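Just below is one structure, and these are the notes that go with it.
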Amino acid sequence: QNWLLIKKKDSAAKARHIYNVIEEAPDSIATGRTIEEITQDADRVWKDGKAQEGKARAERASAPRVQSRLDPSGLPGAEAAKMPKTVKPQLCTAQSAPPIGDEWVHELKYDGYRLMARLEGGKVTLLTRNGHDWTDRFAPVAKALGRLAIKDAILDGEVCVLDARGLPSFGALQRSLDRRDRSGFVYYVFDVLYARGHDLMRTPLVERKGYLERVLMASPGIGPVVQYAQHIDAPGDAVAREARAHGAEGIISKKRDARYVQQRSHSWVKVRFTNREEFVVGGYTKPEGSRSAFGALLVGRYDATGRLVYCGRVGTGFTEQSLHDLHQQMKPLARDATPFANPPTGADARGVTWVEPELVVEVEYAAWTHEEMLRHPAFIALRRDKNASEVIAMAPPPKQRPGKTVGAQVVRIGKGPADARVGGVRISNPDRIVYPETGTTKGDVARYYDAVADWMLPHVVKRPLSLVRCPTGVEGEHFFQRHVGEGFPQDIKGVAVPEDDGASKDHVMITSKKGLLSLVQMGVLEIHPWGCRADDIETPDRLIFDLDPGPGIEWEAIVHSAIVVRDVLADMDLTSFVKTSGGKGIHVVVPITRNRSWEEAKGFTHHVANLLVRMAPKNFVATISKKARPGKVLIDYLRNQRTATAVGAYSTRAREHPTVSTPLGWAELLKTEGAEQFTVESVPKRLARLKTDPWEAIGKVRQSIPKKWS
1432 QNWLLIKKKD SAAKARHIYN VIEEAPDSIA TGRTIEEITQ DADRVWKDGK AQEGKARAER
1492 ASAPRVQSRL DPSGLPGAEA AKMPKTVKPQ LCTAQSAPPI GDEWVHELKY DGYRLMARLE
1552 GGKVTLLTRN GHDWTDRFAP VAKALGRLAI KDAILDGEVC VLDARGLPSF GALQRSLDRR
1612 DRSGFVYYVF DVLYARGHDL MRTPLVERKG YLERVLMASP GIGPVVQYAQ HIDAPGDAVA
1672 REARAHGAEG IISKKRDARY VQQRSHSWVK VRFTNREEFV VGGYTKPEGS RSAFGALLVG
1732 RYDATGRLVY CGRVGTGFTE QSLHDLHQQM KPLARDATPF ANPPTGADAR GVTWVEPELV
1792 VEVEYAAWTH EEMLRHPAFI ALRRDKNASE VIAMAPPPKQ RPGKTVGAQV VRIGKGPADA
1852 RVGGVRISNP DRIVYPETGT TKGDVARYYD AVADWMLPHV VKRPLSLVRC PTGVEGEHFF
1912 QRHVGEGFPQ DIKGVAVPED DGASKDHVMI TSKKGLLSLV QMGVLEIHPW GCRADDIETP
1972 DRLIFDLDPG PGIEWEAIVH SAIVVRDVLA DMDLTSFVKT SGGKGIHVVV PITRNRSWEE
2032 AKGFTHHVAN LLVRMAPKNF VATISKKARP GKVLIDYLRN QRTATAVGAY STRAREHPTV
2092 STPLGWAELL KTEGAEQFTV ESVPKRLARL KTDPWEAIGK VRQSIPKKWS
């Protein structure tokens, strides 16, 4: 039989510009040979379902070549030396954005325990960053490393457990250790410091990693337990966007020519996508209600002068098991005096048991307050691999507005369910980032629509809708959808619309807020209503002039153009309304009585567009031709024909940033600085401040297309 294997795009897929497997890993994973070496070896031929007699001879012949590729003596900077008795891991400097420049390569940040693997004559020892022997805890890793193609080495990596998404999860790792489950460990190796009698710490990073990759590829016996931590040679911001979109914790940027230094260094830079840090436990409160063991942890971190600075209470995120385990470890550490330089006072200090500052916990939080206290902190895990003295505030914590995190990413606090309910609608994967540039999640988009629904629904309900769906976010696949499909939520209705072939098909329609939020659940990021209502498809009730700036047109000019369109329409006794497009343009909308056909609507708007071009030929153009557009504003009247649409009022846009097509008052338009100021974050706040709806009258205006407009 002939078999066809099709590898479909999945969550593990990477764009070629991010990782080109042909360029990055061209050698045979079984033997370490190049394609040229394989081609030249004619002894091993596959015939009739089995390898021919040259197989063993080919493997014996390839062995010396493999071993020569694993000789480190020719690496730049490699020095013959005895294996050092102790090695300290190189540590990262944290910053908020990846460094820029070709001298940097980037790796995913692995959410696990940092381990140094020491191989001496094939015997493996696994050491934490503080030198503790954890070989027994991670016995499967040690066993796999014992099958490495070289028998003397020092490796640096991170041991992890993958979650259901295939991503490293410290929580999953901690649960595996608590259950004594040793089946799911993966050791991601990202560096080699010593190999085969040679110190490689002066060898440039990419040379070390290239050698490490060859060693691992020549070691098929290590199986899935030991993996090479691939680096990505691409712009750091692109790598960060891709990693964030795939749900990674962060990235590590490293200088490609950097030596390995046994201390914190600026040649390794850590960029986190979530607010998770280590803190030192300095006390705990009494339990209340049904809580057992203790109520909350009082945590802090050391400043540059060695003072332990109080940062707040951590009272959520615990399980019964973690409450019990932590309490058992804290009780022997009790002390009379506070360890904090700035301890809490008054009621906040009442009933606190102070402890020696020895335990380190990992905490996730929403933001820092202006008082430099943690906002909404939640316990993640006890970090047994770290010393309290290492928990130092490298810089003052960032001052952020409530509810925001670094990079504007909203983080789910605690360990709630994977789904969320917003406005009575189940939203799956609410933490999926759909706008990587700002960290805006699917849940954020749902909450936005829930907040603006009362303002938006009059403009989108009971109308045929065209949708832009982006199931994995704006950087993933986009597709346009008009028709109701199988499995659509029950709150998404259908309206029969005759097609060109005479048959009717059900187009998408909603009638309620639940319908609106159901669109979000389906991954919809743009909602385009028709300019007619569902009860009479053939007669439009709204006209739209889409003003699209050509190259060289600034926002002020597009605003002026909208005012001109308004005034021309006013001369025809037509009242118009205005909104941003959510992109670079402006929409001028004219409500009309339903007594004209689509052809008449298109003809009238074409007439107005031509009139404006005749009035100001240097400013306006009515043709789509790109050659005619530089320095001019396109008046797109083609939105006013059957099946054509424009993005709806208050709809988000499937663009880099979560901008919103926002209705404005005409006076307000003159004060705007650009469409980018209206986003899923800012628009609900704006609506809360408004005393009246700028489009309140759009449904009350009674006007028609002039009978004589030619």
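Residue numbers (the working numbering): 1432 to 2141. Glycine included, every Cβ here is placed at the ideal spot set by N, Cα and C. A quick note: this is a predicted structure, and the numbers were derived from the prediction, not measured.
Checklist entry - Pro-1889 by DSSP, collapsed to three states: which one? => result helix
Next on the checklist: Along the chain, where does the alpha helix (DSSP H) containing Gln-1952 start, and where does it finish?
Outcome noted: Following the DSSP letters along the chain, one finds Gln-1952 inside the alpha helix (DSSP H) bounded by residues 1944-1952.
Item to check | Inter-residue Cα distance where the pair is Gly-1720 and Thr-1872 | outcome: 34 Å
Item to check | Segment contact flag, the region 2073-2092 with the region 1953-1970, C-beta cutoff 8 Å, min 3 pairs | outcome: yes
Next on the checklist: Just verifying my parser: in three-state terms, what is the DSSP assignment at Gln-1759?
Outcome noted: helix
Checklist entry - Roughly how many angstroms separate the alpha carbons of Asp-1875 and Val-1865, rounded to a whole number? => result 9 Å
Next on the checklist: Can you list, in chain order, the residues of its chain with a C-beta nearer than 6 Å to that of Arg-1672? Leave out the 5 residues immediately preceding and following it.
Outcome noted: Pro-1867
Item to check | DSSP-derived helix/strand/coil call for His-2037 | outcome: helix
Checklist entry - Any chance the region 1551-1570 sits against the region 1579-1586, with 3 or more Cβ pairs inside 8 Å? => result yes
Item to check | Residues near Lys-1945 in its chain [Cβ-Cβ closer than 7 Å; skip 5 each side] | outcome: Gly-1854, Gly-1855, Val-1856, Asp-1922
Checklist entry - What are the start and end residues of the beta strand (DSSP E) that includes Phe-1710? => result It spans 1707-1716 - the beta strand (DSSP E) in which Phe-1710 sits, taken as one unbroken run.
Next on the checklist: Can you list, in chain order, the residues of its chain with a C-beta nearer than 7 Å to that of Ser-1650? Leave out the 5 residues immediately preceding and following it.
Outcome noted: Arg-1578, Leu-1579, Ala-1580
Item to check | Rounded separation between Ile-1663 and Arg-1690 - CA only | outcome: 18 Å
Checklist entry - Among Leu-1754, Gly-1543, Glu-1638, which has the Cα closest to the Cα of Leu-1593? => result Gly-1543
Checklist entry - Is the region 1900-1910 close to the region 2110-2124, with three or more CB pairs under 8 Å? => result Short answer: they don't touch.
Checklist entry - Based on Cα-Cα distance, which residue from Gly-1743, Asn-2050, Lys-1717, Gly-1532 lies nearest to Pro-1980? => result It is Asn-2050.
Checklist entry - What separation, rounded to the nearest whole angstrom, lies between the Cα atoms of Arg-2227 and Val-1791? => result The chain is shown from 1432 up to 2141; residue 2227 falls before or after that span and cannot be answered.
Item to check | 8 Å contact criterion, which Val-2009 and Trp-2097 should meet: CB distance rounded | outcome: 6 Å
Next on the checklist: For the beta strand (DSSP E) containing His-2018, name the first residue and the last one.
Outcome noted: For His-2018, the enclosing beta strand (DSSP E) has its first and last residue at 2017-2022.
Checklist entry - Are the beta-carbon atoms of Asp-1564 and Leu-1558 separated by less than 8 Å? => result yes
Item to check | Chain-order list of residues whose beta-carbon lies under 6 Å from that of Val-2132 (same chain, five-residue window excluded) | outcome: Thr-2006, Pro-2022
Next on the checklist: Residues in the same chain with beta-carbon distance under 7 Å from Pro-1621, minus the five sequence neighbours each way, listed in chain order, please.
Outcome noted: Reading off the sequence, residue 1621 comes out as Phe, not Pro. Taken in chain order, the residues that qualify are Glu-1538, Asp-1587, Gly-1588, Ala-1660.
Checklist entry - If you count every other CB in all the chains shown that lies within 10 Å of the CB of Val-2142, and 16 or more means buried, which is it? => result Here the chain covers residues 1432 to 2141 and nothing more, so residue 2142 does not appear.
Next on the checklist: Check for me: the alpha helix (DSSP H) holding Gln-1605 runs from which residue to which?
Outcome noted: 1601-1609
Next on the checklist: Comparing C-alpha positions only, which one of Gly-1654, Trp-1535, Leu-1974, Lys-1893 sits nearest to Asp-1937?
Outcome noted: Lys-1893
Item to check | Segment contact flag, the region 1908-1918 with the region 2087-2094, C-beta cutoff 8 Å, min 3 pairs | outcome: no
Checklist entry - Leu-1729: which of Val-1990, Gln-2134, Leu-1739, Leu-1631 sits nearest, CA to CA? => result Of Val-1990, Gln-2134, Leu-1739, Leu-1631, the residue nearest in Cα terms is Leu-1739.
Item to check | Where the beta strand (DSSP E) containing Arg-1744 begins and where it ends | outcome: 1739-1745
Item to check | Pair within 8 Å by beta-carbon distance, Ala-2106 and Lys-2033 | outcome: no
Checklist entry - What did DSSP end up calling Lys-2116 once you bin it into helix, strand or coil? => result helix
Next on the checklist: Would the region 1984-2001 count as touching the region 2061-2081 if we require 3 or more Cβ pairs under 8 Å?
Outcome noted: Verdict: yes, contact present.
Item to check | Buried versus exposed call for Pro-2125 [16 or more other C-beta atoms within 10 Å across all chains shown] | outcome: buried
Item to check | Among Met-1514, Thr-2074, Pro-1982, Ser-1753, nearest to Gly-1628 - alpha-carbon criterion | outcome: Met-1514
Item to check | Per DSSP, cross-strand counterpart(s) of Leu-1813 | outcome: Val-1792
Checklist entry - Can you check whether the CB of Tyr-1879 is closer than 8 Å to the CB of Pro-2115? => result yes
Checklist entry - How do the region 1518-1525 and the region 1772-1782 stand: do at least 3 beta-carbon pairs fall below 8 Å, yes or no? => result no
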